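Residue numbers (our numbering): 836 to 1067. Just so you know, even glycine gets a beta-carbon here, dropped at the ideal spot from N, CA and C. The structure presented is a predicted model; accordingly, all values stated were derived computationally and were not measured.
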(Lines of atoms letter the chains of each structure in order from A and count residues from 1; the text may use other names and numbers.)
(Lines give C-alpha, C1' and ligand atoms only; values in the text may rest on other atoms or scores of the structure.)
Protein backbone atom coordinates (compact mmCIF):
# COMPACT_ATOMS: atom_id res chain seq x y z
CA UNK A 1 0.00 0.00 0.00
CA UNK A 2 1.35 3.42 -0.95
CA UNK A 3 2.22 5.69 1.97
CA UNK A 4 0.45 9.06 2.16
CA UNK A 5 2.46 11.95 0.81
CA UNK A 6 2.83 13.46 4.28
CA UNK A 7 4.47 10.28 5.58
CA UNK A 8 6.85 10.13 2.58
CA UNK A 9 8.16 13.56 3.59
CA UNK A 10 8.59 12.69 7.28
CA UNK A 11 12.37 12.06 7.26
CA UNK A 12 12.94 15.74 6.43
CA UNK A 13 10.92 17.01 9.38
CA UNK A 14 12.58 19.11 12.06
CA UNK A 15 11.69 16.73 14.89
CA UNK A 16 12.67 19.08 17.70
CA UNK A 17 10.47 21.83 16.31
CA UNK A 18 7.66 19.34 15.73
CA UNK A 19 7.98 18.13 19.32
CA UNK A 20 7.74 21.69 20.60
CA UNK A 21 4.58 22.24 18.54
CA UNK A 22 3.14 18.97 19.84
CA UNK A 23 3.87 19.96 23.44
CA UNK A 24 2.04 23.23 22.87
CA UNK A 25 -0.90 21.46 21.21
CA UNK A 26 -1.46 19.04 24.12
CA UNK A 27 -0.91 21.59 26.87
CA UNK A 28 -3.71 22.19 29.42
CA UNK A 29 -4.44 25.52 27.76
CA UNK A 30 -5.19 23.88 24.40
CA UNK A 31 -8.71 22.82 23.40
CA UNK A 32 -9.76 19.17 23.16
CA UNK A 33 -10.13 19.19 19.36
CA UNK A 34 -6.54 20.37 18.86
CA UNK A 35 -5.27 17.83 21.38
CA UNK A 36 -6.97 14.98 19.54
CA UNK A 37 -5.66 16.14 16.16
CA UNK A 38 -2.12 16.39 17.53
CA UNK A 39 -2.00 12.94 19.12
CA UNK A 40 -3.59 11.25 16.10
CA UNK A 41 -0.99 12.83 13.82
CA UNK A 42 1.80 11.83 16.18
CA UNK A 43 0.61 8.21 16.17
CA UNK A 44 0.75 8.25 12.36
CA UNK A 45 4.31 9.61 12.46
CA UNK A 46 5.58 7.26 15.14
CA UNK A 47 7.18 4.87 12.63
CA UNK A 48 9.49 7.66 11.49
CA UNK A 49 10.20 9.70 14.62
CA UNK A 50 13.49 9.25 16.53
CA UNK A 51 13.30 7.36 19.82
CA UNK A 52 14.20 10.40 21.90
CA UNK A 53 11.28 12.31 20.38
CA UNK A 54 8.88 9.45 20.98
CA UNK A 55 10.03 9.04 24.56
CA UNK A 56 9.33 12.70 25.32
CA UNK A 57 6.05 12.57 23.37
CA UNK A 58 4.99 9.53 25.39
CA UNK A 59 5.56 11.48 28.59
CA UNK A 60 3.43 14.35 27.27
CA UNK A 61 0.61 12.00 26.24
CA UNK A 62 0.82 10.29 29.63
CA UNK A 63 0.35 13.65 31.34
CA UNK A 64 -2.62 14.31 29.06
CA UNK A 65 -4.12 10.90 29.92
CA UNK A 66 -3.90 11.74 33.61
CA UNK A 67 -5.66 15.05 33.08
CA UNK A 68 -8.38 13.49 30.94
CA UNK A 69 -9.01 10.75 33.51
CA UNK A 70 -10.34 13.38 35.92
CA UNK A 71 -12.67 15.02 33.40
CA UNK A 72 -16.23 14.28 32.33
CA UNK A 73 -15.90 13.81 28.58
CA UNK A 74 -18.63 13.43 25.97
CA UNK A 75 -16.71 14.05 22.78
CA UNK A 76 -16.64 11.38 20.07
CA UNK A 77 -14.24 9.72 19.92
CA UNK A 78 -13.53 10.10 23.65
CA UNK A 79 -10.22 11.98 24.03
CA UNK A 80 -8.99 9.64 26.76
CA UNK A 81 -9.43 6.71 24.35
CA UNK A 82 -7.55 8.53 21.59
CA UNK A 83 -4.74 9.47 23.95
CA UNK A 84 -4.56 5.96 25.40
CA UNK A 85 -4.39 4.43 21.94
CA UNK A 86 -1.62 6.79 20.81
CA UNK A 87 0.36 6.02 23.95
CA UNK A 88 0.08 2.32 23.15
CA UNK A 89 1.29 2.87 19.59
CA UNK A 90 4.32 4.82 20.79
CA UNK A 91 5.12 2.32 23.53
CA UNK A 92 5.46 -0.38 20.88
CA UNK A 93 8.33 1.59 19.32
CA UNK A 94 10.41 2.70 22.30
CA UNK A 95 11.48 1.30 25.64
CA UNK A 96 9.13 3.35 27.79
CA UNK A 97 6.99 0.50 29.10
CA UNK A 98 8.57 0.30 32.56
CA UNK A 99 8.55 4.06 33.36
CA UNK A 100 4.94 4.36 32.18
CA UNK A 101 3.88 1.48 34.39
CA UNK A 102 5.78 2.90 37.34
CA UNK A 103 4.07 6.26 36.80
CA UNK A 104 0.64 4.64 37.13
CA UNK A 105 -0.43 3.75 33.59
CA UNK A 106 -2.02 0.44 34.60
CA UNK A 107 -4.77 1.94 36.82
CA UNK A 108 -5.61 4.44 34.08
CA UNK A 109 -6.09 1.66 31.53
CA UNK A 110 -8.13 -0.24 34.10
CA UNK A 111 -10.47 2.77 34.14
CA UNK A 112 -10.79 2.54 30.35
CA UNK A 113 -11.58 -1.15 30.74
CA UNK A 114 -14.27 -0.38 33.30
CA UNK A 115 -15.76 2.40 31.19
CA UNK A 116 -18.76 2.25 28.90
CA UNK A 117 -16.86 2.79 25.63
CA UNK A 118 -16.18 -0.47 23.71
CA UNK A 119 -13.22 1.17 21.97
CA UNK A 120 -11.75 2.04 25.37
CA UNK A 121 -11.97 -1.58 26.45
CA UNK A 122 -10.19 -2.70 23.28
CA UNK A 123 -7.45 -0.11 23.76
CA UNK A 124 -6.94 -1.16 27.37
CA UNK A 125 -6.67 -4.84 26.47
CA UNK A 126 -4.17 -4.11 23.67
CA UNK A 127 -2.10 -1.91 26.00
CA UNK A 128 -2.11 -4.59 28.69
CA UNK A 129 -0.57 -6.96 26.14
CA UNK A 130 2.24 -4.43 25.62
CA UNK A 131 2.75 -3.72 29.32
CA UNK A 132 2.63 -7.42 30.24
CA UNK A 133 5.93 -7.99 28.44
CA UNK A 134 7.46 -7.13 31.82
CA UNK A 135 6.48 -9.77 34.41
CA UNK A 136 6.04 -7.22 37.21
CA UNK A 137 3.52 -5.37 35.02
CA UNK A 138 1.63 -8.58 34.20
CA UNK A 139 1.22 -9.33 37.90
CA UNK A 140 0.04 -5.78 38.59
CA UNK A 141 -2.49 -6.03 35.75
CA UNK A 142 -3.84 -9.27 37.16
CA UNK A 143 -4.14 -7.74 40.64
CA UNK A 144 -6.01 -4.69 39.33
CA UNK A 145 -8.38 -6.85 37.29
CA UNK A 146 -9.09 -9.12 40.24
CA UNK A 147 -9.86 -6.13 42.49
CA UNK A 148 -12.75 -5.02 40.30
CA UNK A 149 -14.41 -8.45 40.14
CA UNK A 150 -16.74 -7.54 42.99
CA UNK A 151 -17.74 -4.24 41.39
CA UNK A 152 -19.32 -5.45 38.14
CA UNK A 153 -22.27 -7.49 36.91
CA UNK A 154 -21.89 -11.16 35.99
CA UNK A 155 -21.22 -10.51 32.31
CA UNK A 156 -18.48 -7.99 33.11
CA UNK A 157 -16.96 -10.37 35.65
CA UNK A 158 -16.91 -13.12 33.02
CA UNK A 159 -15.05 -10.84 30.60
CA UNK A 160 -12.49 -9.88 33.25
CA UNK A 161 -11.91 -13.49 34.29
CA UNK A 162 -11.43 -14.39 30.65
CA UNK A 163 -8.72 -11.74 30.38
CA UNK A 164 -7.08 -12.87 33.62
CA UNK A 165 -6.91 -16.45 32.40
CA UNK A 166 -5.06 -15.40 29.23
CA UNK A 167 -2.21 -13.57 31.03
CA UNK A 168 0.67 -16.01 31.50
CA UNK A 169 2.10 -14.21 34.52
CA UNK A 170 -1.28 -13.92 36.22
CA UNK A 171 -1.56 -17.70 36.69
CA UNK A 172 0.43 -17.93 39.97
CA UNK A 173 -1.44 -14.93 41.37
CA UNK A 174 -4.94 -16.12 40.52
CA UNK A 175 -4.89 -19.08 42.89
CA UNK A 176 -4.19 -16.74 45.84
CA UNK A 177 -6.78 -14.12 44.90
CA UNK A 178 -10.57 -13.86 44.96
CA UNK A 179 -10.73 -14.70 41.26
CA UNK A 180 -11.33 -18.45 41.47
CA UNK A 181 -14.19 -18.31 44.04
CA UNK A 182 -15.87 -15.72 41.81
CA UNK A 183 -15.30 -17.98 38.79
CA UNK A 184 -16.95 -20.93 40.57
CA UNK A 185 -19.86 -18.72 41.64
CA UNK A 186 -20.45 -17.64 38.03
CA UNK A 187 -20.27 -21.24 36.82
CA UNK A 188 -22.89 -22.20 39.39
CA UNK A 189 -25.28 -19.23 39.29
CA UNK A 190 -24.55 -17.31 36.08
CA UNK A 191 -26.60 -17.21 32.91
CA UNK A 192 -25.96 -19.69 30.11
CA UNK A 193 -23.91 -17.06 28.27
CA UNK A 194 -21.77 -16.38 31.34
CA UNK A 195 -21.28 -20.10 32.03
CA UNK A 196 -20.11 -20.66 28.46
CA UNK A 197 -17.50 -17.90 28.80
CA UNK A 198 -16.32 -19.18 32.16
CA UNK A 199 -15.74 -22.72 30.93
CA UNK A 200 -13.16 -21.23 28.58
CA UNK A 201 -11.44 -19.52 31.52
CA UNK A 202 -11.45 -22.83 33.43
CA UNK A 203 -9.74 -24.50 30.47
CA UNK A 204 -6.96 -21.89 30.42
CA UNK A 205 -6.44 -21.93 34.19
CA UNK A 206 -6.48 -25.74 34.45
CA UNK A 207 -3.08 -26.00 32.76
CA UNK A 208 -1.60 -24.85 36.09
CA UNK A 209 -1.57 -27.38 38.96
CA UNK A 210 -2.03 -24.69 41.62
CA UNK A 211 -5.12 -23.35 39.89
CA UNK A 212 -6.56 -26.85 39.53
CA UNK A 213 -6.18 -27.32 43.27
CA UNK A 214 -7.73 -23.90 43.95
CA UNK A 215 -10.69 -24.74 41.72
CA UNK A 216 -11.22 -27.96 43.65
CA UNK A 217 -10.89 -26.20 47.01
CA UNK A 218 -13.50 -23.62 45.92
CA UNK A 219 -16.01 -26.38 45.09
CA UNK A 220 -15.50 -26.19 41.36
CA UNK A 221 -15.51 -29.91 40.58
CA UNK A 222 -19.16 -30.61 41.54
CA UNK A 223 -20.20 -27.48 39.66
CA UNK A 224 -18.36 -28.59 36.52
CA UNK A 225 -19.83 -32.08 36.79
CA UNK A 226 -23.25 -30.51 37.08
CA UNK A 227 -22.64 -28.49 33.92
CA UNK A 228 -21.76 -31.70 32.07
CA UNK A 229 -25.07 -33.16 33.22
CA UNK A 230 -26.91 -30.08 31.94
CA UNK A 231 -25.51 -30.71 28.46
CA UNK A 232 -26.97 -34.21 28.20
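C-beta atoms of residue i and residue j nearer than 8 Å
i	j	result
residue 1021	residue 1033	yes
residue 972	residue 1014	no
residue 955	residue 947	yes
residue 1061	residue 1036	no
residue 999	residue 969	no
residue 891	residue 922	no
residue 1058	residue 1023	yes
Sequence-distant residues of its chain with Cβ nearer than 6 Å to residue i (five each side left out)
i	result
residue 924	878 and 881
residue 861	870, 873, 895 and 899
Residue i at chain C interface by Cβ criterion, 8 Å
i	result
residue 1042	Looking for chain C here will not work: only one protein chain is present.
Residue from the options with nearest C-alpha to residue i
i	options	result
residue 896	917, 1045, 962 and 997	917
residue 1042	1026, 1029, 1009 and 1061	1009
residue 962	1060, 851, 942 and 1023	942
residue 1039	850, 969, 988 and 1018	1018
residue 863	852, 902, 853 and 891	902
residue 1029	1051, 1053 and 991	991
residue 934	852, 951 and 893	893
Residue i to residue j span [Cα, whole Å]
i	j	result
residue 995	residue 889	31 Å
residue 939	residue 1026	35 Å
residue 982	residue 886	35 Å
residue 850	residue 884	7 Å
residue 958	residue 988	21 Å
residue 1054	residue 980	22 Å
residue 919	residue 944	8 Å
residue 859	residue 960	30 Å
residue 1048	residue 993	21 Å
Other residues of its chain near residue i: CB distance less than 8 Å, five sequence neighbours each side excluded
i	result
residue 932	926, 965, 966, 968, 969 and 972
Sequence-distant residues of its chain with Cβ nearer than 7 Å to residue i (five each side left out)
i	result
residue 914	867, 870, 871, 903 and 908
residue 1016	1053
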